[in-house]
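Numbering (my numbering), first residue to last: 2 to 168. Cβ coordinates follow ideal geometry from the N, Cα and C atoms, glycine included. Here's the structure, in structure tokens; my notes come after.
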């Protein structure tokens, strides 16, 4: 199983920074990285945009997309990751090519949300230089209770992030 320590070491070796946009996982993914001593030289921020409007205001997700598709959507996941990456790049003056972003959005339960079933989730990883940003979105349908879905989403996020940076 891929750990936050491995991911941070790989990003550090390439002089890259990490930003995290969370909804479904409510800060749990960021916490995994923050547990690692020395994480602050790679991990720049973790933003929990649990409220749908904040996905637009803080992360730059299209208001129309949120109105039409709801917050649990693959394109929303992609825009969460891309939007946070772009905002932090501008604020801190860091080249987009030196930043990687991951986002999580989904339904932890116990009830459906906007017609989406419990356990539906999307994880996006965004990387690449300005003009050729690429975001890969991974879809999952999990079962279990709320905490179990969130914890599994964190593990899946670590795995997907590792797959993307290890290429």
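What residues in its chain sit with their C-beta under 7 Å from that of residue 20, if we drop five residues either side in the sequence? The residue you call residue 20 lines up with position 19 of the chain shown. Here the set comprises 45, 46, 85, 86, 89, 100, 102.
Residue 79 - DSSP class collapsed to helix/strand/coil: Along the chain shown, read from residue 1 onward, the residue named residue 79 stands at position 78. In the structure shown, the three-state DSSP call for residue 79 is helix.
For residue 28, the residue or residues it bridges with in DSSP: Here residue 28 refers to the residue found at position 27 when the chain shown is read from its first residue. Listed as beta-bridge partners of residue 28 by DSSP are no residues whatsoever.
Across the segment 135-142 and the segment 116-124, are there enough close Cβ pairs to call them in contact, namely three or more that are closer than 8 Å? The segment 135-142 makes contact with the segment 116-124, as at least three CB pairs between them are under 8 Å.
Just to confirm my understanding: we take residue 143, look at its own chain, exclude 5 residues before and 5 after, and list those with CB closer than 6 Å. What are they? The count along the chain shown starts at 1 and reaches residue 143 at position 142. Contacts found: 120, 150, 153.
Distance CB(residue 129)-CB(residue 98) smaller than 9 Å: By one-based count along the chain shown, residue 129 stands at place 128. By one-based count along the chain shown, residue 98 stands at place 97. With respect to the 9 Å criterion, residue 129 and residue 98 are classified as neighbours on the basis of their beta carbons.
What number of angstroms, rounded off, separates the C-alpha of residue 48 from the C-alpha of residue 133? Position 47 of the chain shown, counted from the first residue, corresponds to residue 48. Position 132 of the chain shown, counted from the first residue, corresponds to residue 133. So the two alpha carbons sit approximately 24 Å from each other.
Could you have a look at residue 101 and say whether DSSP puts it in helix, strand or coil? To locate residue 101, count along the chain shown from 1; it is residue 100. Assigned with DSSP and collapsed to three states, residue 101 falls in strand.
Would you identify the three-state DSSP class for residue 21, choosing helix, strand or coil? Counting from one through the chain shown, the residue named residue 21 turns up at place 20. In the structure shown, residue 21 sits in a strand (DSSP, three-state: E or B).
Runs of beta strand (DSSP E) wholly within the segment 82-162 (minimum 3 residues, chain order): As for any beta strand (DSSP E) of minimum length 3 sitting wholly inside the segment 82-162, the runs are 100-107, 121-128, 135-142, ordered along the chain.
Does the separation of the CB atoms of residue 24 and residue 79 fall below 9 Å? Your numbering for residue 24 matches position 23 in the chain shown. Your numbering for residue 79 matches position 78 in the chain shown. The answer is no: Cβ separation not under 9 Å.
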